[in-house]
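Structure, as structure tokens:
Chains as they are written, first to last, in our numbering: chain B, 490 to 598; chain U, 854 to 968.
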């Protein structure tokens with residue numbers, strides 16, 4: 490598998506809390522992407538971070554990439570109930586995206 | 854933002870029948886993809902299509918599967934014949950650059966149930 494087993498988890502938090510989700514990958518990649526998938530919908534890209542970037546921010550989101558440990562994280566500050574979703578990291582391999590198993594995040598209002 | 858449409862949203866068919874899943878990709882995109890997601894599991898790549906050709910496919914893309922985009926119309930995934938294990942949600946995606954280096958835009962999925 491492309492992904493380490495620690496990628497599979499479920500989190501339940503209260504609205505307003507901050508949360509960090511992690512993933513690790515096994516094979517070389519130049520790009521890590523984070524996607525969010527809400528119930529009954531297709532995935533939507535949140536952040537794309539390249540191997541020459543250690544950190545990238547977008548609004549309340551912050552992604553990090555550590556190529557030496559082949560790991561990435563996605564942090565959300567001040568979570569909202571609407572952040573409830575499954576969050577996937579994905580790497581590019583040739584023409585395809587390879588997704589991790591995801592983190593199911595439940596934000597209670 | 855750019856939208857990918859998928860038709861139908863749900864499909865129930867009997868095992869052995871043929872099914873065609875339709876995708877209307879983002880208008881100026883050149884690369885098209887199908888992914889398969891079984892309930893509760895991760896999304897898995899099936900196939901990538903560009904310039905009328907399959908560029909890459911996974912082992913999940915069985916001989917019973919085929920893709921085409923005739924004359925710039927829908928990008929389709931055909932399964933003939935279907936098997937029980939084909940029950941899943943199939944997502945279409947499109948992008949304007951090769952592979953994952955650019956954003957892939959996903960449709961809402963077609964939920965296929967094979968009985």
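Virtual Cβ for every residue (Gly too), placed ideally from N, Cα, C. Everything numeric in this text was worked out from a predicted model, so none of it was measured.
Assumed close pair residue 957 of chain U, residue 886 of chain U - CB separation to whole angstroms, cut-off 8 Å:
Looking up residue 957 of chain U in the second chain gives position 104. Looking up residue 886 of chain U in the second chain gives position 33. The pair is a contact, with the Cβ atoms about 6 Å apart (cut-off 8 Å).
If contacts are defined as beta-carbon pairs under 8 Å, then residue 588 of chain B and residue 868 of chain U qualify, I think. What distance do you get, rounded to the angstrom?
Position 99 of the first chain, counting from 1, holds the residue named residue 588 of chain B. Position 15 of the second chain, counting from 1, holds the residue named residue 868 of chain U. With 8 Å as the limit, residue 588 of chain B and residue 868 of chain U do not qualify as a contact, their Cβ atoms being about 28 Å apart.
Determine, for residue 956 of chain U, whether the minimum Cβ-Cβ distance to residues of chain B falls below 8 Å.
Here residue 956 of chain U is taken as the residue at index 103 of the second chain, counted from 1. Residue 956 of chain U counts as touching chain B.
When burial is assigned at 16 or more other CB atoms within 10 Å of the CB, is residue 947 of chain U buried or exposed?
Locating residue 947 of chain U in the second chain gives position 94, counting from the first residue. When all chains shown are included, residue 947 of chain U counts as buried.
Short of 7 Å Cβ to Cβ, which residues in the segment 899-912 of chain U face chain B?
901, 908, 909
So residue 537 of chain B contacts chain U; which residues on that side make the cut at Cβ distance below 8 Å?
What you label residue 537 of chain B is simply residue 48 of the first chain in a count that begins at 1. Those within 8 Å of residue 537 of chain B in chain U are 956.
CB contact flag (residue 563 of chain B, residue 501 of chain B, <8 Å):
Counted from its first residue, the first chain places residue 563 of chain B at position 74. Counted from its first residue, the first chain places residue 501 of chain B at position 12. In this structure, residue 501 of chain B does not lie closer than 8 Å to residue 563 of chain B by Cβ.
When DSSP labels each residue in this structure, what does residue 550 of chain B get in the three-state scheme?
If you number the first chain from 1, residue 550 of chain B lands on position 61. It is a strand residue.
Run through the segment 519-585 of chain B for me and flag every whole beta strand (DSSP E) of 3 or more residues, listed as ranges in chain order.
520-526, 533-539, 544-547, 550-555, 560-565, 574-582
Just to confirm before moving on: does the CB-CB distance between residue 859 of chain U and residue 965 of chain U stay below 8 Å?
What you label residue 859 of chain U is simply residue 6 of the second chain in a count that begins at 1. What you label residue 965 of chain U is simply residue 112 of the second chain in a count that begins at 1. Result no, Cβ atoms of residue 859 of chain U and residue 965 of chain U do not sit closer than 8 Å.
Could you check if residue 490 of chain B is buried or exposed, using at least 16 other CB atoms within 10 Å of its CB as the buried criterion?
The residue you call residue 490 of chain B lines up with position 1 of the first chain. Because residue 490 of chain B sits at a pLDDT of 40, beneath the cut-off of 50, its placement in the model cannot be relied upon, and the point is left open.
What do you reckon, are the CB atoms on residue 571 of chain B and residue 508 of chain B nearer than 8 Å?
Within the first chain, residue 571 of chain B is the residue found at index 82, counting from 1. Within the first chain, residue 508 of chain B is the residue found at index 19, counting from 1. Cβ atoms of residue 571 of chain B and residue 508 of chain B: not closer than 8 Å.
If you measure from the beta carbon of residue 533 of chain B to each beta carbon in chain U, is any gap under 8 Å?
Within the first chain, residue 533 of chain B is the residue found at index 44, counting from 1. So yes, residue 533 of chain B belongs to the interface.
In chain order, what residues of the same chain lie with their CB nearer than 7 Å to the CB of residue 537 of chain B, ignoring the 5 residues before and after it?
For the purposes of this step, residue 537 of chain B is identified with residue 48 of the first chain, where counting begins at 1. Only 520, 522 meet the Cβ criterion.
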